[in-house]
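Numbering (full-length UniProt numbering), first residue to last: 1 to 422.
Ideal Cβ positions, reconstructed from N, Cα and C, are used throughout, including at glycine.
These notes concern the structure reproduced below.
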């Protein structure tokens, strides 16, 4: 075991009470070097193994203890994962005050922690794709950082909520969040008093929700040196054309979910007679009905094979720019639907070649796997339970909730490879 792991083990031992530790979810920056996996893959083993590299960037032993206690509290506390409830479970005089300071007032940087978590996941469950999904956190009142009223197409109503974008590593059997970006509307960016009260850094500028997705991916793939995998973006309110253009400009291959009424220009030589004027994405798929090909794929190595019909059509995208419209790129419009054509296909835009069509259904299925993991694990470890007002506090909380998610899924997933720092 590494010096870091020995140090963290000592930190945990120093903070333990006689109460037995239960490490289960309550409900349904430098790269590290890694050695052989440990024999056990229990939650306790994964937690101890992960916390060493996870908190290596925290120089003080008390901070490393607080980090491990916070992750442990998220996994062990029933009901709402408030600092008060977690402190009551962990025990010890002043625990609540120490945890509150560690999350809301401390100065530790969450970025190296997220990078270490991503490194760990890459070795434990190598990702097949990165999936970008939004997260909505309903709130009461207007004081939580980034909270605003907006109309949710999914809910069909106006919500008072925080909104964020998460980037997930999706592998065979494991889906886990590794990076987050909080969307801050203009009402927060332009209000000096609110910025000051929430301690929003001066470098944070106005962004669309699509900009959040692009920036979060760039931070990971360029800044952290993570392996390049296809990025799947499914954010209903984001402009898919602007999002894919932003990712392309940064050299990040992607598939971006697109609505059926998006206007595109057919450039595919196999679909003649339809390129004179822009068509809706659904209209293009109907015209290309006979171009679909069956693709057999598996959700994971242990599941039964499935078959989907994949249709790819070369399209041109025209974007509005100062001085008039100009063509911004040639892409593939991809339709993934059932063999019996009982429902309309899901539609994606991608800059990946048509030769990768056999992988499109499995990649697209990654979105459903992320949503299931969010409901089953992420929400259960309290990702949405932070009630503080500070920008940094929110980021630290969701970082440690992501770590708790990682412990939960790696300790219950067959085929994941626990790893140990060396």
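message: Can you tell me whether residue 84 is helix, strand or coil according to DSSP?
response: For the purposes of this step, residue 84 is taken as the residue at position 84 of the chain shown. DSSP places residue 84 in helix when its eight states are reduced to three.
- request: Compute the Euclidean distance between the alpha carbons of residue 507 and residue 154, then round it to the nearest angstrom.
  value: Residue 507 is absent from the model: the chain starts at 1 and stops at 422.
Residue 43 classed as buried or exposed, judged by whether at least 16 other C-beta atoms fall within 10 angstroms: Translated into the one-based positions of the chain shown, residue 43 becomes position 43. It counts as buried.
- request: Using 10 angstroms around the beta-carbon of residue 30, count the other beta-carbons present and answer buried if the total reaches 16, otherwise exposed.
  value: Walking along the chain shown from the start, residue 30 turns up at place 30. Below a pLDDT of 50, predicted positions are generally treated as unreliable, and residue 30, at 38, falls in that range; the measurement from the model is reported next regardless. Residue 30 comes out exposed.
- prompt: Apart from the five residues just before and just after residue 205, which ones in its own chain have a Cβ nearer than 8 angstroms to its Cβ?
  reply: If you number the chain shown from 1, residue 205 lands on position 205. Contacts found: 189.
- request: Have a look at 393, 174, 129 and flag the residue whose alpha-carbon is nearest the alpha-carbon of residue 228.
  value: Here residue 228 refers to the residue found at position 228 of the chain shown. Selected option, being the one with the closest Cα: 129.
task: Specify whether the region 230-243 and the region 204-222 touch according to this definition: at least 3 beta carbon pairs, one from each stretch, less than 8 angstroms apart.
output: yes
- prompt: On the three-state DSSP scale, how would you describe residue 141?
  reply: For the purposes of this step, residue 141 is identified with residue 141 of the chain shown, where counting begins at 1. Here residue 141 sits in coil by DSSP.
- request: Go through its chain and collect everything with a Cβ distance to residue 181's Cβ below 7 angstroms, but skip five positions before and after it.
  value: Against the chain shown, residue 181 aligns to sequence position 181. Cβ neighbours of residue 181 beyond the five flanking positions: 164, 165, 212, 215, 216.
Residue 405, buried or exposed, once every other Cβ within 10 Å from all chains shown has been counted against 16: Your numbering for residue 405 matches position 405 in the chain shown. Result: buried.
- request: Would you mind reading off the limits of the alpha helix (DSSP H) that contains residue 196?
  value: Position 196 of the chain shown, counting from 1, holds the residue named residue 196. For residue 196, the uninterrupted alpha helix (DSSP H) segment begins and ends at 192-198.
Min CB distance residue 350 to chain C below 8 angstroms: The structure shown has no chain C; it contains just one protein chain.
message: Quick check: what's the CA-CA separation for residue 117 versus residue 110?
response: The residue you call residue 117 lines up with position 117 of the chain shown. The residue you call residue 110 lines up with position 110 of the chain shown. Near 11 angstroms, if we compare the C-alpha coordinates of residue 110 and residue 117.
- prompt: Given that a residue counts as buried once 16 or more other Cβ atoms are within 10 Å of its Cβ, and exposed if not, what is residue 119?
  reply: Here residue 119 is taken as the residue at index 119 of the chain shown, counted from 1. Note on residue 119: 16 or more other CB atoms within 10 angstroms of its CB, so buried under the neighbour-count rule.
Residue ranges of each beta strand (DSSP E) within the region 366-406, 3 or longer: none
- prompt: So, is residue 360 buried or exposed, given that buried needs 16 or more other C-beta atoms within 10 angstroms?
  reply: Counted from its first residue, the chain shown places residue 360 at position 360. Classification of residue 360: buried, given that the 10 Å Cβ count is 16 or more.
message: Which residue marks the beginning of the beta strand (DSSP E) containing residue 183, and which one marks its end?
response: Stepping through the chain shown from its first residue, residue 183 is reached at position 183. Start and end: 175-183.
message: Rounded to the nearest angstrom, what separates residue 32 and residue 364 at their Cα positions?
response: Position 32 of the chain shown holds residue 32. Position 364 of the chain shown holds residue 364. Unreliable positioning characterises residue 32 in this predicted model, as indicated by a pLDDT of 33, which lies under 50. The coordinate reading is nonetheless provided below. Residue 32 and residue 364: Cα-Cα distance of roughly 31 angstroms.
task: Ignore the nearest five residues each way along the sequence and tell me which others in residue 172's own chain have a CB closer than 8 angstroms to its CB.
output: Within the chain shown, residue 172 is the residue found at index 172, counting from 1. Cβ neighbours of residue 172 beyond the five flanking positions: 125, 128, 300, 301, 415.
task: Under 7 angstroms Cβ to Cβ from residue 221, same chain only, skipping five residues before and after it: list those, please.
output: Within the chain shown, the letter at position 221 stands for residue 221. Cβ within range, chain order: 228, 252.
- request: Could you tell me whether the Cβ atoms of residue 256 and residue 168 are closer together than 8 angstroms?
  value: For the purposes of this step, residue 256 is taken as the residue at position 256 of the chain shown. For the purposes of this step, residue 168 is taken as the residue at position 168 of the chain shown. For the 8 angstroms CB-CB criterion, residue 256 and residue 168 do not form a contact.
field: Helix, strand or coil at residue 158 according to DSSP, with G and I counted as helix
entry: Position 158 of the chain shown, counted from the start, is the residue given in the question as residue 158. In the structure shown, residue 158 sits in a strand (DSSP, three-state: E or B).
- prompt: My guess is that residue 509 and residue 133 are in contact by the Cβ rule of under 8 angstroms, so how many angstroms apart are they, rounded?
  reply: With the chain covering 1 to 422 only, the question about residue 509 has no answer from this structure.
task: Using a threshold of 8 angstroms, state whether the C-beta atoms of residue 424 and residue 382 are closer than that.
output: The shown model of the chain, from 1 to 422, leaves out residue 424, and the question about it has no answer.
- prompt: Would you call the CB atoms of residue 287 and residue 271 closer than 8 angstroms?
  reply: Position 287 of the chain shown, counted from the first residue, corresponds to residue 287. Position 271 of the chain shown, counted from the first residue, corresponds to residue 271. Yes. Within cutoff.
- prompt: Helix, strand or coil for residue 346 per DSSP?
  reply: The residue you call residue 346 lines up with position 346 of the chain shown. It is a strand residue.
- prompt: Can you tell which of 170, 192, 147, 203 has its C-alpha closest to the C-alpha of residue 184?
  reply: Here residue 184 refers to the residue found at position 184 of the chain shown. Checked all of 170, 192, 147, 203; the closest Cα to residue 184 is 147.
message: Counting C-beta neighbours from all protein chains within 10 Å, is the total for residue 101 16 or more, i.e. buried, or is it exposed?
response: In the chain shown, residue 101 corresponds to position 101, counting from 1. Looking at its Cβ environment, which holds fewer than 16 other Cβ atoms inside 10 Å, residue 101 is exposed.
message: For the beta strand (DSSP E) containing residue 294, name the first residue and the last one.
response: The count along the chain shown starts at 1 and reaches residue 294 at position 294. Per DSSP, residue 294 belongs to the beta strand (DSSP E) from 293-297.
- request: Can you give me the Cβ contacts of residue 274 inside the same chain, cut-off strictly under 8 angstroms, excluding the 5 residues immediately before and after it?
  value: In the chain shown, counting from the first residue as 1, residue 274 sits at position 274. Answer for residue 274: 266, 284, 287, listed in chain order.
field: Enclosing alpha helix (DSSP H) for residue 171 [first to last residue]
entry: For the purposes of this step, residue 171 is taken as the residue at position 171 of the chain shown. No alpha helix (DSSP H) holds residue 171; DSSP gives it neither H nor E.
message: Using only the alpha-carbon positions, how far apart do residue 103 and residue 394 sit?
response: Within the chain shown, the letter at position 103 stands for residue 103. Within the chain shown, the letter at position 394 stands for residue 394. Their Cα atoms are separated by approximately 8 angstroms.
message: Suppose only complete runs of 4+ residues qualify. What are the alpha helix (DSSP H) ranges in the region 64-111, listed by chain order?
response: 83-90, 95-100
Residue 286: first and last residue of the uninterrupted beta strand (DSSP E) it sits in: For the purposes of this step, residue 286 is taken as residue 286 along the chain shown, with counting starting at 1. Segment 281-287 is the alpha helix (DSSP H) holding residue 286; no beta strand (DSSP E) there.
query: Can you tell me whether DSSP reads residue 210 as helix, strand or coil?
result: Along the chain shown, one-based indexing puts residue 210 at 210. Note: residue 210 maps to helix in three-state DSSP.
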